[in-house]
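In my numbering, the protein residues as written are 2 to 394.
Virtual Cβ for every residue (Gly too), placed ideally from N, Cα, C.
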């Protein structure tokens, strides 16, 4: 998506009076994730070359792939290179198994449309996020040209994974549907098979068990043969319908919540959650519901005459003060940041030891950027609204 198109979306009738400041904040957050989660054209080519190698393209021979059980073991296949890496062996729940002949012991979690078959394999939930593995198959596609992106903090980490786009919504136990935000991180198995993991952040903490309603309406991927083009996002995209209901159990093993409750200025650091694969910082900032003016009501009703005021307010959403968070462990290692949203900043553990956390929360994106470049001893540290040392062990 171009910046111009982003501006148009943010300024359209759903919220026509969103300020330029908010647009800049939204774009900067988008750019922040590009910096750590995406790659430029040159880096994409470099990552693809580094990850693919010269001989055999690094992919499993299709004839051999059919004899190696994959479904039910996708975590094992991708867990070292995906963004939220780690050993899921003792924490995952297997939804679907596959034997050496390629037979599945259940078809409850397999859906097909437009020549693409999606099979849910395993799931893990720490109460705050769902980590779901899937197998994607398409006889009419060639996945071997999906470029890899860096999933470590820098190129020297030598961590890369292939990415597969997903569109649609999800909900848990009848909650309001949420748009899918992330992509599948994973590995191309052969020209027709992709195995990956999707992370879904829950709106509220979940306990016990639940059911994930996954409603996929589009799948797509980039093509490394198109890296010289201006826009390659999901150059191979298919609209369709892949819907499934997936049971899950919350596994609270090694999940710890540390209450903080520190307020400085307009920001409150509520608590820190540490799980085997992620660190979550919950911080609240001032916010207010955008006003449903007569002009906004008129424009919204022009799109849907039956829309209620409650539905309009939900679409307009809330306006929040900016808040950017950065996190280091006791060794001064910066944790890989996920998309930050109002009230929540997530970080991938990626196998790092977590004994002590150093949390810095800024109200200025440029200060956040400077610290991300200079490290924990950055001159920007003094500009943090909140800086906190948290002992985990």
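6 Å Cβ shell around residue 240 - same chain, five flanking residues per side excluded: 219, listed in sequence order.
Can the beta-carbon of residue 369 be found less than 8 Å from the beta-carbon of residue 327? Yes, they are a contact pair.
Per DSSP, the bridge partner or partners of residue 113: Looking at the DSSP assignment, residue 113 forms a beta bridge with 118.
Which of helix, strand or coil does DSSP assign to residue 133? DSSP places residue 133 in strand when its eight states are reduced to three.
How many whole angstroms separate the CB atoms of residue 284 and residue 269, which I take to be in contact at a CB cut-off of 8 Å? Residue 269 and residue 284 do touch by the CB rule: their CB atoms are close to 6 Å apart, below 8 Å.
Helix or strand or just coil, what does DSSP make of residue 1? Limits of the chain in this structure are 2 at one end and 394 at the other, which puts residue 1 out of reach.
Please list the segments of the beta strand (DSSP E) lying wholly inside the region 152 to 187, counting only runs of 3 or more residues, in order along the chain. Listed in chain order, the complete beta strand (DSSP E) runs (minimum 3 residues) inside the region 152 to 187 are 161 to 173.
Please tell me whether residue 73 and residue 135 are closer than 8 Å, where the distance is taken between their beta carbons. Residue 135 is positioned such that its CB atom lies no closer than 8 Å to that of residue 73.
Beta-bridge partners of residue 373, as assigned by DSSP: Residue 373 has no beta-bridge partner at all, per DSSP.
Determine the closest residue to residue 362 out of 100, 352 and 338, with distance taken between C-alpha atoms. The shortest Cα separation from residue 362 among 100, 352 and 338 belongs to 338.
List the residues that DSSP assigns as beta-bridge partners of residue 222. DSSP lists 237 as partners of residue 222.
Consult DSSP for residue 146 and reduce its assignment to one of helix, strand or coil. It is helical.
Hey, how far is the Cα of residue 279 from the Cα of residue 213? Take the alpha-carbon of residue 279 and the one of residue 213: they are about 20 Å apart.
Taking DSSP as the reference, what is the three-state secondary structure of residue 244? DSSP places residue 244 in the strand class (E or B) of the three-state scheme.
What residues in its chain sit with their C-beta under 8 Å from that of residue 105, if we drop five residues either side in the sequence? Cβ within range, chain order: 72, 97, 98, 99, 111 and 120.
Which stretch, first to last residue, makes up the alpha helix (DSSP H) that contains residue 86? According to the DSSP assignment, residue 86 belongs to no alpha helix (DSSP H), since it is labelled neither H nor E.
Within the chosen definition, does the region 124 to 134 reach the region 144 to 155 through at least 3 CB pairs nearer than 8 Å? Contact between the region 124 to 134 and the region 144 to 155 is absent, because fewer than three Cβ pairs lie under 8 Å.
In whole angstroms, what is the alpha-carbon distance linking residue 180 and residue 227? Going by the C-alpha atoms only, they are around 28 Å apart.
Mind checking residue 75: buried by the 16 CB within 10 Å criterion, or exposed? Residue 75 is buried by the Cβ-count criterion.
Does the Cβ-Cβ distance between residue 371 and residue 381 come in under 8 Å? The criterion of a C-beta distance shorter than 8 Å is satisfied by residue 371 and residue 381.
Which residues bound the beta strand (DSSP E) around residue 1? Beyond the ends of the chain as shown, which are 2 and 394, falls residue 1; an answer cannot be given.
Round the Cβ separation of residue 211 and residue 173 to the nearest angstrom and send it over; I've been treating them as touching at under 8 Å. Between residue 173 and residue 211 the Cβ distance is about 5 Å, and since that is below 8 Å, they are a contact.
Quick check: residue 325 and residue 86, are their CB atoms within less than 8 Å of each other? No; because the gap between Cβ atoms is not below 8 Å, this pair is not in contact.
Candidates 336, 353, 391 and 390: which alpha carbon is nearest residue 376's? Nearest of 336, 353, 391 and 390 to residue 376, Cα basis: 336.
For residue 264, which residues does DSSP report across the bridge? Answer is 269, bridged to residue 264.
Compare the beta carbon distance of residue 238 and residue 221 with 8 Å and say whether it is the shorter of the two. Result yes, Cβ atoms of residue 238 and residue 221 sit closer than 8 Å.
Per DSSP, what are the beta-bridge partners of residue 1 in this structure? Absent from the model: residue 1. The displayed extent of the chain is 2 to 394, so no value can be given.
DSSP three-state call for residue 342: helix, strand or coil? In the structure shown, residue 342 sits in a strand (DSSP, three-state: E or B).
Which class does residue 102 belong to by DSSP, given the choice of helix, strand or coil? Coil.
Please classify residue 246 as buried or exposed, where buried requires at least 16 neighbouring CB atoms within 10 angstroms. By the 10 Å Cβ count, residue 246 comes out exposed.
Since residue 299 is in the alpha helix (DSSP H), which residue starts that stretch and which ends it? 295 to 304 is the span of the alpha helix (DSSP H), which, as asked, contains residue 299.
Please report how far the alpha carbon of residue 345 lies from the alpha carbon of residue 205, in whole angstroms. Taking the straight line from one Cα to the other gives about 11 Å.
Measure the C-alpha to C-alpha separation of residue 276 and residue 203 and round it to an integer number of angstroms. CA-CA distance, residue 276 to residue 203, rounds to 14 Å.
For a quick check, are the C-beta atoms of residue 249 and residue 357 less than 8 Å apart? No, Cβ-Cβ distance for residue 249 and residue 357 is not below 8 Å.
CB contact flag (residue 273, residue 391, <8 Å): Contact flag set, yes.
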